[in-house]
DNA sequence: CTAGGTGCTGGAGCGCACTCCAGGTCAAGC
DNA sequence: GCTTGACCTGGAGTGCGCTCCAGCACCTAG
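Chains as they are written, first to last, in this note's numbering: chain A, -11 to 127; chain B, -11 to 127.
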């Protein structure tokens, strides 16, 4: 598989794939006779996993660390496991935080629900809006 | 309340507070006789809300949009409500995605659990690791 | 009267994660 | 033989969200 097809199949851009290789997220690709990158389909699994790490907010430098450990082989398994457990906990904590935020958002949205009616608080934004409601105070 | 105290109470840096004001996230602060910013405590509520928007991944430009609408007063309430509902849905979608990722992470971590034993797959990372497990292939 | 602390402004700089570009190679189709 | 298109490299540029800095003003304590 050449880089163009890999890009289509992963949704990554050509530049991003090459960038990921440069920084060590992807292993140095094999090359065909024309020195073009020639990927084994197994790279798709790895990229899918990288995408999950990214989705869950892992910074690239940590992904690079994980990738480096993985490239070193079997004896780094314990460290990789620890890294993932640590990340899992961070993600879980973030999810909890998001749930709390969602509750606040829903409350606020409920405050806006009666919009243009007068049966709810004037401005759900704050108790003492100070300079807010008198508006047009743009300098 | 002067900017230093606000910084202590919010955990934002002085620079961040001034930056937020510059870009319109915070309303232009009142000034005391020495032209120093003098905050009403109600700003704390607003900043707490901004922090939630940020935690939930709203880009600053969208927060600025929301802040601008809010500063325009009552007649933008509907639009603000729509904006929040839209964001809430995005956050919910992201949370769902995170749950899926957590499941994958847990599976992978389980694969690492038997680390240094041989009763689990050699390398939980992929089915056909290609150049991975033979290691030290750093150029 | 002076020193230290806190605040002010405008503007430069930074780390991150890409993204774009110029100038080139190579293989295949017309 | 020539064009087209996919790919190559090294390096510069971008947008975001701050963060830092120089040089100055002001207030309070000693």
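Where is the CB? At the ideal position from N, CA and C, for every residue including glycine.
Helix or strand or just coil, what does DSSP make of residue 58/B? If you number the second chain from 1, residue 58/B lands on position 70. Note: residue 58/B maps to helix in three-state DSSP.
Please tell me whether residue 96/A has its Cβ less than 8 Å away from any Cβ of chain B. Reading the first chain from its first residue, position 108 is the one you call residue 96/A. Judged by the 8 Å Cβ criterion, residue 96/A is in contact with chain B.
CB contact check: residue 100/B to chain A, cutoff 8 Å: Taking the second chain and counting its residues from 1, the one referred to as residue 100/B is at position 112. So yes, residue 100/B belongs to the interface.
Neighbour flag for residue 83/A against chain B, beta carbons, 8 Å: The residue given as residue 83/A occupies position 95 in the first chain. At least one chain B Cβ lies under 8 Å of residue 83/A.
Spatially closest choice to residue 83/B from -10/B, 95/B, 35/B, 44/B, by CA coordinates: The sequence position of residue 83/B within the second chain is 95, counting from 1. Residue 44/B is the option with its Cα nearest to residue 83/B.
Under 8 Å, CB to CB, which of the residues in the segment 48 to 82 of chain B have a partner in chain A? 58, 59, 60, 61, 62, 65, 66, 68, 69, 72, 73, 75, 76, 79, 80, 82
For residue 130/A, which option in 102/B, -10/B, -9/B, 25/B has the closest C-alpha, if you only look at C-alpha atoms? With chain A covering -11 to 127 only, the question about residue 130/A has no answer from this structure.
Roughly how many whole angstroms lie between the Cα atoms of residue 97/A and residue 54/B? Here residue 97/A refers to the residue found at position 109 of the first chain. Here residue 54/B refers to the residue found at position 66 of the second chain. If I take the Cα positions, the gap works out to 13 Å.
Do three or more CB pairs link the segment 85 to 93 of chain B to the segment 33 to 51 of chain A at distances below 8 Å? yes
Return the chain-ordered list of same chain residues with a C-beta closer than 7 Å to the C-beta of residue -4/A, the five sequence neighbours on each side being excluded. Here residue -4/A is taken as the residue at index 8 of the first chain, counted from 1. So no residue of the chain qualifies.
Looking at the structure shown, is residue -10/B part of a helix, part of a strand, or coil, going by DSSP? Start at 1 with the first residue of the second chain, and residue -10/B comes out as number 2. Three-state result, residue -10/B: coil.
Please determine, among 95/B, -9/B, 93/B, the residue with the shortest C-alpha to C-alpha distance to residue 28/B. Residue mapping note: residue 28/B aligns to position 40 of the second chain, counting from 1. Residue -9/B is the option with its Cα nearest to residue 28/B.
Which chain A residues sit within Cβ distance under 7 Å of residue -3/B? Here the question's residue -3/B lines up with position 9 in the second chain. In chain order: nothing, as chain A lies at least about 16 Å away.
Return the residue from the list 93/B, 78/B, 64/B, 100/B that minimises the CA-CA distance to residue 78/A. As a working note, residue 78/A is residue 90 in the first chain. Cα-wise, what sits closest to residue 78/A is 93/B.
Interface partners of residue 40/A on chain B, CB under 7 Å: Within the first chain, the letter at position 52 stands for residue 40/A. In chain order: 89, 92.
Looking at the C-beta of residue 21/B, does it have a partner C-beta in chain A at a distance below 8 Å? Numbered from its first residue, the second chain carries residue 21/B at position 33. For residue 21/B, no CB of chain A lies under 8 Å from its own CB, so it is not counted at the interface with that chain.
If we cut at 8 Å on Cβ distances, does residue 86/B have a partner in chain A? One-based indexing of the second chain puts residue 86/B at position 98. For residue 86/B, the answer is yes, since a Cβ of chain A falls inside 8 Å of its Cβ.
Please report the straight-line C-alpha distance between residue 36/A and residue 13/A, rounded to a whole angstrom. Numbered from 1 along the first chain, position 48 holds the residue referred to as residue 36/A. Numbered from 1 along the first chain, position 25 holds the residue referred to as residue 13/A. Cα to Cα, the separation comes out at about 12 Å.
Assuming residue 9/B and residue 17/B make a contact with CB atoms under 8 Å, what is their CB distance in whole Å? Here residue 9/B refers to the residue found at position 21 when the second chain is read from its first residue. Here residue 17/B refers to the residue found at position 29 when the second chain is read from its first residue. About 6 Å separates the two Cβ atoms, so the contact holds.
First and last residue of the uninterrupted alpha helix (DSSP H) at residue 32/B: The residue you call residue 32/B lines up with position 44 of the second chain. Segment 30 to 43, the alpha helix (DSSP H) holding residue 32/B.
Going by the DSSP bridge assignment, what does residue 94/B pair with across the sheet? Looking up residue 94/B in the second chain gives position 106. DSSP lists no partner for residue 94/B.
Check residue 117/B in the structure and name its three-state DSSP category. As a position in the second chain, residue 117/B is number 129, starting the count at 1. Low local confidence applies: a pLDDT of 40 at residue 117/B is under 50, so the model's placement there is unreliable, and no value is given.
Here's the rule: buried if 16 or more other CB atoms are within 10 angstroms of the residue's CB, otherwise exposed. What is residue 25/A? Mapped onto the first chain, residue 25/A falls at position 37. By the neighbour-count rule (16 or more Cβ atoms within 10 Å), residue 25/A is buried.
Do residue 72/A and residue 100/B come within 8 Å of each other at the CB atom, strictly closer than that value? Translated into positions along the second chain, residue 100/B becomes position 112. Translated into positions along the first chain, residue 72/A becomes position 84. Cβ atoms of residue 100/B and residue 72/A: closer than 8 Å.
Residue 69/A burial status per 10 Å Cβ neighbour count (16 or more: buried): Numbered from its first residue, the first chain carries residue 69/A at position 81. Looking at its Cβ environment, which holds 16 or more other Cβ atoms inside 10 Å, residue 69/A is buried.
If you run the structure through DSSP and keep just helix, strand and coil, what is residue 23/B? Reading the second chain from its first residue, position 35 is the one you call residue 23/B. Coil at residue 23/B, not helix or strand.
What does residue 18/A pair with, by DSSP beta-bridge criteria? Sequence index remark: in the first chain, residue 18/A carries index 30 (1-based). DSSP output for residue 18/A lists 26/A as bridge partner(s).
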